[in-house]
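Per our numbering, the sequence shown starts with residue 7, numbered consecutively.
For reference, the structure is listed below as C-alpha coordinates.
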Amino acid sequence: MGQFLNQELSNLFNEFWRLDTHRMTPGVDYTHSLSGRAGFVNQGSAVVPDHAALPLFSNVNETKFQTITTYARLIRLLDNFERSTGVAEQVTADELLEISQFLDAVLQTPVMRRAHQYLVSKRLSSSDLRTFKNQLNLIWFQLYRRQRNSQLDSSGFEHVFVGETRSGNELIGFHNWVQFYLQEKNLHLDYKGFKAGYRDLPDQDDHVLNLQFTWHSVVKPVGSAFIGTSPEFEMALYTVVFLLSTERSTTVLVNIDQCQMELVVIRHGRSIETAYPKLLSSNSRHVRPQSQPQPH
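What follows is the structure, given as C-alpha coordinates:
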(Lines of atoms letter the chains of each structure in order from A and count residues from 1; the text may use other names and numbers.)
(Lines give C-alpha, C1' and ligand atoms only; values in the text may rest on other atoms or scores of the structure.)
Protein backbone atom coordinates (compact mmCIF):
# COMPACT_ATOMS: atom_id res chain seq x y z
CA MET A 1 0.00 0.00 0.00
CA GLY A 2 1.28 3.48 -0.85
CA GLN A 3 2.18 5.91 1.89
CA PHE A 4 -0.07 8.81 2.80
CA LEU A 5 1.17 12.29 2.06
CA ASN A 6 2.37 14.04 5.22
CA GLN A 7 0.62 17.38 4.79
CA GLU A 8 2.00 19.01 7.95
CA LEU A 9 5.59 18.32 6.90
CA SER A 10 4.87 19.26 3.28
CA ASN A 11 3.66 22.67 4.51
CA LEU A 12 6.67 23.08 6.82
CA PHE A 13 9.21 22.00 4.19
CA ASN A 14 7.71 24.35 1.60
CA GLU A 15 8.23 27.11 4.17
CA PHE A 16 11.87 25.98 4.38
CA TRP A 17 12.00 26.05 0.56
CA ARG A 18 10.76 29.65 0.46
CA LEU A 19 13.14 30.66 3.27
CA ASP A 20 16.15 29.07 1.57
CA THR A 21 17.65 32.30 0.23
CA HIS A 22 20.99 30.51 -0.23
CA ARG A 23 19.58 28.05 -2.75
CA MET A 24 21.31 28.18 -6.12
CA THR A 25 19.24 28.83 -9.24
CA PRO A 26 19.55 26.37 -12.16
CA GLY A 27 20.70 28.04 -15.37
CA VAL A 28 21.93 31.04 -13.38
CA ASP A 29 24.19 29.77 -10.57
CA TYR A 30 24.86 26.36 -12.05
CA THR A 31 24.41 24.41 -15.26
CA HIS A 32 24.30 20.66 -15.49
CA SER A 33 24.14 18.12 -18.30
CA LEU A 34 22.11 15.04 -17.44
CA SER A 35 23.35 13.12 -20.51
CA GLY A 36 22.10 9.52 -20.77
CA ARG A 37 20.15 7.13 -18.60
CA ALA A 38 22.41 4.84 -16.54
CA GLY A 39 21.95 1.08 -16.61
CA PHE A 40 21.57 -1.39 -13.74
CA VAL A 41 24.78 -2.03 -11.81
CA ASN A 42 25.27 -4.20 -8.72
CA GLN A 43 26.69 -2.65 -5.55
CA GLY A 44 30.36 -3.64 -5.43
CA SER A 45 30.75 -3.91 -9.23
CA ALA A 46 34.14 -2.96 -10.59
CA VAL A 47 32.95 -2.15 -14.11
CA VAL A 48 30.21 0.31 -15.00
CA PRO A 49 29.24 1.52 -18.50
CA ASP A 50 29.45 5.31 -18.93
CA HIS A 51 26.24 6.85 -20.28
CA ALA A 52 27.43 10.42 -19.70
CA ALA A 53 29.93 11.93 -22.11
CA LEU A 54 30.00 15.16 -20.09
CA PRO A 55 30.45 15.87 -16.38
CA LEU A 56 27.17 16.47 -14.53
CA PHE A 57 28.12 20.09 -13.70
CA SER A 58 29.51 22.29 -16.45
CA ASN A 59 29.72 25.33 -14.19
CA VAL A 60 28.80 26.44 -10.70
CA ASN A 61 28.97 29.94 -9.24
CA GLU A 62 31.95 29.40 -6.95
CA THR A 63 31.86 33.01 -5.80
CA LYS A 64 28.70 32.08 -3.87
CA PHE A 65 30.55 29.13 -2.32
CA GLN A 66 33.12 31.59 -0.99
CA THR A 67 30.79 34.42 0.02
CA ILE A 68 27.85 32.52 1.57
CA THR A 69 29.09 31.49 5.00
CA THR A 70 27.27 28.15 5.25
CA TYR A 71 28.73 26.93 1.92
CA ALA A 72 32.22 28.23 2.72
CA ARG A 73 32.21 26.49 6.13
CA LEU A 74 30.68 23.30 4.71
CA ILE A 75 33.48 23.10 2.11
CA ARG A 76 36.10 23.52 4.84
CA LEU A 77 34.65 20.47 6.60
CA LEU A 78 34.55 18.18 3.57
CA ASP A 79 38.24 17.23 3.61
CA ASN A 80 38.34 16.38 7.33
CA PHE A 81 37.20 12.78 6.98
CA GLU A 82 38.74 9.37 6.42
CA ARG A 83 37.02 7.85 3.38
CA SER A 84 37.22 4.18 4.43
CA THR A 85 34.88 2.76 7.06
CA GLY A 86 36.70 0.77 9.72
CA VAL A 87 39.46 3.40 9.92
CA ALA A 88 39.24 5.62 12.99
CA GLU A 89 38.46 9.30 12.49
CA GLN A 90 41.10 11.54 14.10
CA VAL A 91 39.39 14.80 15.04
CA THR A 92 41.79 17.67 15.70
CA ALA A 93 41.09 20.81 17.73
CA ASP A 94 41.01 22.77 14.46
CA GLU A 95 38.39 20.42 13.04
CA LEU A 96 36.23 20.72 16.17
CA LEU A 97 36.40 24.48 15.74
CA GLU A 98 35.37 24.15 12.07
CA ILE A 99 32.36 22.02 13.08
CA SER A 100 31.38 24.59 15.70
CA GLN A 101 31.70 27.48 13.21
CA PHE A 102 29.69 25.60 10.59
CA LEU A 103 26.86 24.96 13.09
CA ASP A 104 26.96 28.63 14.18
CA ALA A 105 26.51 29.71 10.55
CA VAL A 106 23.68 27.21 9.98
CA LEU A 107 21.89 28.37 13.15
CA GLN A 108 21.83 31.95 11.87
CA THR A 109 19.91 31.06 8.70
CA PRO A 110 16.14 31.61 8.35
CA VAL A 111 15.68 27.92 7.40
CA MET A 112 17.28 26.50 10.54
CA ARG A 113 15.62 29.15 12.72
CA ARG A 114 12.23 28.02 11.41
CA ALA A 115 13.17 24.36 11.98
CA HIS A 116 14.22 25.21 15.54
CA GLN A 117 10.94 27.06 16.18
CA TYR A 118 8.97 24.04 14.91
CA LEU A 119 10.97 21.56 17.02
CA VAL A 120 10.51 23.73 20.13
CA SER A 121 6.74 23.83 19.47
CA LYS A 122 6.79 19.99 19.38
CA ARG A 123 8.86 19.87 22.60
CA LEU A 124 11.61 18.03 20.74
CA SER A 125 14.28 20.72 21.17
CA SER A 126 15.18 23.29 23.79
CA SER A 127 14.46 26.93 23.02
CA ASP A 128 18.01 27.67 24.21
CA LEU A 129 20.19 28.04 21.10
CA ARG A 130 23.32 26.62 22.71
CA THR A 131 21.43 23.49 23.78
CA PHE A 132 19.96 23.17 20.27
CA LYS A 133 23.45 23.52 18.78
CA ASN A 134 24.66 20.68 21.03
CA GLN A 135 21.69 18.60 19.86
CA LEU A 136 22.59 19.22 16.19
CA ASN A 137 26.21 18.35 16.98
CA LEU A 138 25.15 15.03 18.53
CA ILE A 139 22.81 14.18 15.62
CA TRP A 140 25.28 15.04 12.86
CA PHE A 141 28.85 14.94 14.18
CA GLN A 142 28.91 12.40 17.01
CA LEU A 143 31.36 9.65 15.98
CA TYR A 144 30.16 6.05 16.06
CA ARG A 145 31.10 2.60 14.77
CA ARG A 146 29.53 1.79 11.41
CA GLN A 147 30.56 -1.85 11.78
CA ARG A 148 30.81 -3.87 14.95
CA ASN A 149 34.34 -4.25 16.31
CA SER A 150 35.55 -1.32 14.22
CA GLN A 151 36.94 2.03 15.34
CA LEU A 152 34.86 5.20 15.80
CA ASP A 153 34.88 5.62 12.05
CA SER A 154 31.73 7.47 10.99
CA SER A 155 29.18 10.21 11.65
CA GLY A 156 25.88 11.28 10.11
CA PHE A 157 27.53 14.29 8.50
CA GLU A 158 30.36 12.25 7.01
CA HIS A 159 27.98 9.66 5.59
CA VAL A 160 25.40 12.06 4.11
CA PHE A 161 27.52 15.05 3.06
CA VAL A 162 30.92 13.47 2.33
CA GLY A 163 30.47 9.80 1.42
CA GLU A 164 32.30 6.66 2.57
CA THR A 165 33.70 3.47 1.09
CA ARG A 166 33.21 0.04 2.63
CA SER A 167 35.40 -3.02 2.02
CA GLY A 168 37.16 -1.05 -0.71
CA ASN A 169 34.48 -1.76 -3.33
CA GLU A 170 31.24 -0.26 -2.04
CA LEU A 171 30.35 3.42 -2.00
CA ILE A 172 27.85 4.36 0.70
CA GLY A 173 26.20 7.66 1.61
CA PHE A 174 27.32 10.65 -0.47
CA HIS A 175 24.06 12.58 -0.89
CA ASN A 176 25.32 16.15 -1.25
CA TRP A 177 25.60 18.10 -4.50
CA VAL A 178 28.37 20.48 -3.34
CA GLN A 179 30.65 17.53 -2.56
CA PHE A 180 29.61 15.96 -5.89
CA TYR A 181 30.58 19.10 -7.80
CA LEU A 182 33.93 19.55 -6.02
CA GLN A 183 34.91 15.90 -6.36
CA GLU A 184 33.92 15.93 -10.04
CA LYS A 185 35.93 19.12 -10.64
CA ASN A 186 38.98 17.50 -8.99
CA LEU A 187 38.53 14.43 -11.23
CA HIS A 188 37.93 12.05 -8.28
CA LEU A 189 34.34 11.47 -9.39
CA ASP A 190 32.94 10.31 -12.73
CA TYR A 191 29.23 10.81 -13.43
CA LYS A 192 27.78 7.84 -15.35
CA GLY A 193 24.20 8.97 -16.02
CA PHE A 194 20.84 9.56 -14.32
CA LYS A 195 18.40 6.98 -12.99
CA ALA A 196 14.68 7.53 -13.59
CA GLY A 197 11.47 5.79 -14.56
CA TYR A 198 10.84 5.78 -18.30
CA ARG A 199 7.92 8.18 -17.98
CA ASP A 200 9.56 10.57 -15.54
CA LEU A 201 12.59 12.01 -17.28
CA PRO A 202 14.49 14.59 -15.23
CA ASP A 203 14.71 18.24 -16.28
CA GLN A 204 17.50 20.80 -15.94
CA ASP A 205 15.66 22.49 -13.07
CA ASP A 206 14.82 19.39 -11.01
CA HIS A 207 15.97 19.84 -7.43
CA VAL A 208 16.29 16.14 -6.68
CA LEU A 209 18.19 13.76 -8.94
CA ASN A 210 18.98 10.04 -8.86
CA LEU A 211 22.53 9.58 -10.11
CA GLN A 212 25.00 6.83 -10.91
CA PHE A 213 28.70 7.61 -10.49
CA THR A 214 32.10 6.36 -9.40
CA TRP A 215 34.19 8.03 -6.69
CA HIS A 216 37.86 7.08 -6.53
CA SER A 217 36.81 4.31 -8.96
CA VAL A 218 34.25 2.84 -6.51
CA VAL A 219 30.72 2.58 -7.95
CA LYS A 220 27.54 4.11 -6.53
CA PRO A 221 24.81 2.23 -8.52
CA VAL A 222 22.22 4.86 -7.59
CA GLY A 223 22.60 7.81 -5.27
CA SER A 224 20.00 10.51 -4.76
CA ALA A 225 20.63 14.10 -3.81
CA PHE A 226 19.07 17.53 -3.67
CA ILE A 227 20.64 19.77 -6.31
CA GLY A 228 21.23 23.49 -5.69
CA THR A 229 19.82 23.53 -2.16
CA SER A 230 21.79 25.01 0.73
CA PRO A 231 23.46 22.88 3.44
CA GLU A 232 21.12 24.36 6.05
CA PHE A 233 18.02 23.35 4.03
CA GLU A 234 19.12 19.71 3.90
CA MET A 235 20.18 19.62 7.56
CA ALA A 236 16.89 21.21 8.65
CA LEU A 237 14.74 18.70 6.70
CA TYR A 238 16.57 15.63 7.94
CA THR A 239 16.86 16.90 11.52
CA VAL A 240 13.09 17.42 11.73
CA VAL A 241 12.31 13.96 10.28
CA PHE A 242 14.90 12.39 12.62
CA LEU A 243 13.52 14.03 15.78
CA LEU A 244 9.85 13.38 14.98
CA SER A 245 10.38 9.61 15.17
CA THR A 246 12.10 7.13 17.47
CA GLU A 247 11.97 4.33 14.87
CA ARG A 248 15.24 3.02 13.47
CA SER A 249 14.06 3.82 9.95
CA THR A 250 11.61 6.58 9.02
CA THR A 251 10.19 7.41 5.60
CA VAL A 252 7.88 10.40 5.05
CA LEU A 253 6.07 11.24 1.84
CA VAL A 254 6.11 14.99 1.11
CA ASN A 255 5.55 17.45 -1.71
CA ILE A 256 8.24 20.15 -1.88
CA ASP A 257 8.00 22.81 -4.58
CA GLN A 258 7.00 20.81 -7.70
CA CYS A 259 8.37 17.45 -6.54
CA GLN A 260 6.87 14.55 -4.67
CA MET A 261 9.47 12.61 -2.75
CA GLU A 262 10.12 10.31 0.14
CA LEU A 263 12.59 11.49 2.74
CA VAL A 264 14.36 8.52 4.30
CA VAL A 265 16.16 8.88 7.64
CA ILE A 266 17.83 5.98 9.43
CA ARG A 267 19.14 6.39 12.96
CA HIS A 268 22.20 5.11 14.75
CA GLY A 269 21.29 5.58 18.40
CA ARG A 270 20.96 9.33 18.97
CA SER A 271 22.65 10.20 15.67
CA ILE A 272 21.79 9.98 11.98
CA GLU A 273 23.08 6.93 10.14
CA THR A 274 21.86 8.05 6.73
CA ALA A 275 19.37 10.49 5.21
CA TYR A 276 18.40 11.07 1.59
CA PRO A 277 15.55 12.11 -0.71
CA LYS A 278 13.91 9.57 -3.01
CA LEU A 279 12.28 11.37 -5.94
CA LEU A 280 8.89 9.92 -6.92
CA SER A 281 7.78 12.53 -9.44
CA SER A 282 8.79 15.99 -10.56
CA ASN A 283 7.30 18.97 -12.41
CA SER A 284 3.97 18.48 -10.59
CA ARG A 285 3.29 15.26 -12.53
CA HIS A 286 1.84 13.75 -9.34
CA VAL A 287 -0.98 16.33 -9.29
CA ARG A 288 -2.09 15.78 -12.88
CA PRO A 289 -4.73 13.16 -13.69
CA GLN A 290 -2.89 9.93 -14.44
CA SER A 291 -3.37 8.67 -17.96
CA GLN A 292 -4.12 4.99 -18.50
CA PRO A 293 -0.95 2.89 -18.28
CA GLN A 294 0.41 2.09 -21.71
CA PRO A 295 1.14 -1.54 -22.60
CA HIS A 296 4.90 -2.21 -22.54
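Ideal Cβ placement from N, Cα and C applies to all residues, glycine included.
A quick note: this is a predicted structure, and the numbers were derived from the prediction, not measured.
query, result
"Cβ-Cβ distance between Ala242 and Ala121 below 7 angstroms", "yes"
"Member of Pro208, Phe163 and Ala202 whose CA lies at the smallest distance from the CA of Glu95", "Phe163"
"Three CB pairs or more closer than 8 angstroms across the stretch 133–149 and the stretch 109–118", "yes"
"Per-residue DSSP class, three states only, for Met267", "strand"
"Same chain, Cβ closer than 8 angstroms to Arg4, neighbours up to 5 away in sequence not counted", "This structure gives no information on residue 4, because the portion of the chain shown stretches from 7 to 302."
"For Phe63: DSSP bridge partner residues", "His38"
"Reference Lys198, options Leu113, Thr31 and Ser41, closest by Cα", "Ser41"
"Proximity of Phe10 and His38 at Cβ, strictly below 7 angstroms", "no"
"Under 7 angstroms between C-beta atoms of His194 and His222", "yes"
"Rounded C-alpha distance that separates Leu80 from His181", "14 angstroms"
"Cut-off 7 angstroms between Cβ atoms - residues of its own chain near Met267, not counting five sequence neighbours on either side", "Val214, Val260, Pro283, Lys284, Leu285 and Leu286"
"CA-to-CA distance, Ile233 to Pro208, given in whole angstroms", "12 angstroms"
"Straight-line gap, Val97 to Gly50 (C-alpha atoms, nearest Å)", "29 angstroms"
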